[in-house]
């Protein structure tokens, strides 16, 4: 028996993890599914690795490259096993190379591609395996893999845009705070030493700046502990369902940034569901997968409500209007898609449209943040400099008057 490290999400939405002894990864997956745990990671624990070792994460970009190459080879008529063996040799990513080798072994043992992929839920999510299953059943695996590759490439581009939108304000803010801290720790103390020789009463702004400098110098470590502790708390809070929902709701309300997140979520929903439907996956199953791949708990919960309504006989567009998450244009195009029998095509067009909207929103965010941060930095730096020069102006005034 081997030891397997596992991570997952319980029915209450809490992240859980542990180590199980089992003969195979399949046994671990079976055990955890009986406990109603949604699995995010199952990894064999190697004896040479320390307790804090973690498998290297596989990026969407790497998975997209693998899928594109896989699709090309299948389309060329190469046997499935040969395709996987060649891909395993070509992959630069060690974790992905290992996973492909394990998938190959499972198929050689008599499993289908879909069954072998489901042993690795952290790499191949439900969207991936559901589409592969549809491709195997319909005899159109090459077409499905092409769609999957396109989907992953567009999702990677979308993720990159949203990360860029989130990263830019943080970088600008960090640089601003770094510059402020530098002035308070290194420049202001020099002025303070000079003012100590002057004697007399200092202006209030000067006192405030000097107090801030002295406080940061002596108690800066407290501020660092508070910031690090706050980030750790936020990360753990975000890992719970309640925390994730609260943080996601706040993100959607932030001016400009909220628009980037909302449009990105709509694009992700449209592209995921559209790709699944185009691959022959039933609507209810597609909504199930889309809810879990939404990337935002507010959208995920809304898709869950929509699925319940559709199960009861409703159209897709009607509950989408009611949940209040999707813009009117989205529900209108979905309605047209349902009436014309071209829902997958409409969802694809919506995804392309909102990809462009995300681009525009990111440009807008950059255009707004740059002047705001310049003004803020000017006020902070200028305010501190003026505060430190006020005593000099006062001294010059006294000398001139004398």
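In our numbering, the protein residues as written are 25 to 426.
Using N, Cα and C, we set each Cβ at its ideal position, and we do this for glycine too.
None of these values were measured; they are calculated from a predicted model.
Pairwise C-alpha distance: residue 209 and residue 122:
Straight-line Cα distance between these residues: approximately 50 Å.
To which residues of the same chain is residue 350 closer than 6 Å at the C-beta, ignoring the five residues directly before and after it?
Only 344 meet the Cβ criterion.
Mapping the DSSP letters down to three states, classify residue 339 as helix, strand or coil.
In the structure shown, residue 339 sits in coil (DSSP, three-state: anything other than H, G, I, E or B).
Delimiting residues of the alpha helix (DSSP H) encompassing residue 121
Boundaries of the alpha helix (DSSP H) around residue 121: 118-132.
Figure out for me which residue from 126, 29, 225 has the closest Cα to the Cα of residue 440.
No answer is possible for residue 440: the residues shown for the chain start at 25 and end at 426.
Can you round the beta-carbon distance between residue 347 and residue 317 to whole angstroms, since I take them to be within the 8 Å contact cut?
In this structure, residue 347 and residue 317 do not form a Cβ contact; the two beta carbons are roughly 17 Å apart against a cut-off of 8 Å.
With H, G and I counted as helix, E and B as strand and the rest as coil, what does DSSP make of residue 28?
In this structure, residue 28 counts as strand in the three-state DSSP scheme.
How many angstroms separate the CA atom of residue 265 from the CA atom of residue 54?
Looking at the two C-alpha atoms, the distance is approximately 24 Å.
Starting from residue 93, trace the alpha helix (DSSP H) in both directions and tell me its first and last residue.
Counting along the chain, the alpha helix (DSSP H) containing residue 93 begins and ends at 84-99.
Which residues mark the beginning and the end of the alpha helix (DSSP H) in which residue 109 is found?
Per DSSP, residue 109 belongs to the alpha helix (DSSP H) from 104-114.
Assigned exposure category for residue 380 - 16 Cβ within 10 Å defines buried:
Exposed, because fewer than 16 other Cβ atoms sit within 10 Å of the Cβ of residue 380.
6 Å Cβ shell around residue 125 - same chain, five flanking residues per side excluded:
If we look at residue 125 and ignore the five residues flanking it on each side, its Cβ neighbours are 112.
Give a yes or no on whether the C-beta atoms belonging to residue 31 and residue 87 are separated by under 8 Å.
No.
Label residue 323 either buried or exposed according to how many other C-beta atoms from any shown protein chain fall within 10 Å of its C-beta, with 16 as the threshold for buried.
Classification for residue 323: buried.
Could you give the uninterrupted runs of the alpha helix (DSSP H) lying entirely in the region 278-320, keeping only those of 4 residues or more?
Taken in chain order, the complete alpha helix (DSSP H) segments of 4 or more residues contained in the region 278-320 are 281-302, 307-316.
Top-ranked residue by Cα proximity to residue 160, from 259, 303, 390, 402
Closest option to residue 160, Cα to Cα, is 303.
Can you grab the Cα-Cα spacing for the pair residue 319 / residue 376, in whole Å?
Roughly 18 Å between the two C-alpha positions.
Touch test, the region 146-162 against the region 287-294, Cβ-Cβ under 8 Å, three pairs minimum:
No, the region 146-162 does not touch the region 287-294.
Beta-carbon separation (whole angstroms), residue 104 vs residue 131, contact threshold 8 Å:
That belief holds up - the Cβ atoms of residue 104 and residue 131 are roughly 7 Å apart, short of 8 Å.
I need the straight-line Cα distance from residue 98 to residue 307, nearest angstrom please.
Taking the Cα positions, residue 98 is about 27 Å away from residue 307.
In chain order, which continuous runs of the alpha helix (DSSP H) of length 4 or greater are located wholly inside the region 351-386?
The region 351-386 contains these whole alpha helix (DSSP H) runs: 352-364.
What span of residues does the beta strand (DSSP E) with residue 142 cover, start to end?
Careful: residue 142 lies outside any beta strand (DSSP E) and carries neither H nor E.
Taking the C-alpha atoms as reference points, what is the distance between residue 280 and residue 191?
Using only the alpha carbons, I get a separation of about 14 Å.
Under 8 Å, do residue 296 and residue 169 count as touching if we go by C-beta distance?
No. Outside cutoff.
Residue 371 versus residue 275: straight-line alpha-carbon distance, rounded
Straight across, the Cα-Cα distance linking residue 371 with residue 275 is about 24 Å.
Where residue 42 sits in the DSSP three-state scheme:
Residue state, collapsed to three classes: strand.
Have a look at 116, 144, 128 and flag the residue whose alpha-carbon is nearest the alpha-carbon of residue 51.
The shortest CA-to-CA distance from residue 51 to any of 116, 144, 128 is the one to 144.
Check whether the region 389-401 touches the region 206-220, taking contact to mean three or more Cβ pairs, one atom from each stretch, closer than 8 Å.
Judged by Cβ distances under 8 Å, the region 389-401 makes no contact with the region 206-220, as fewer than three pairs qualify.
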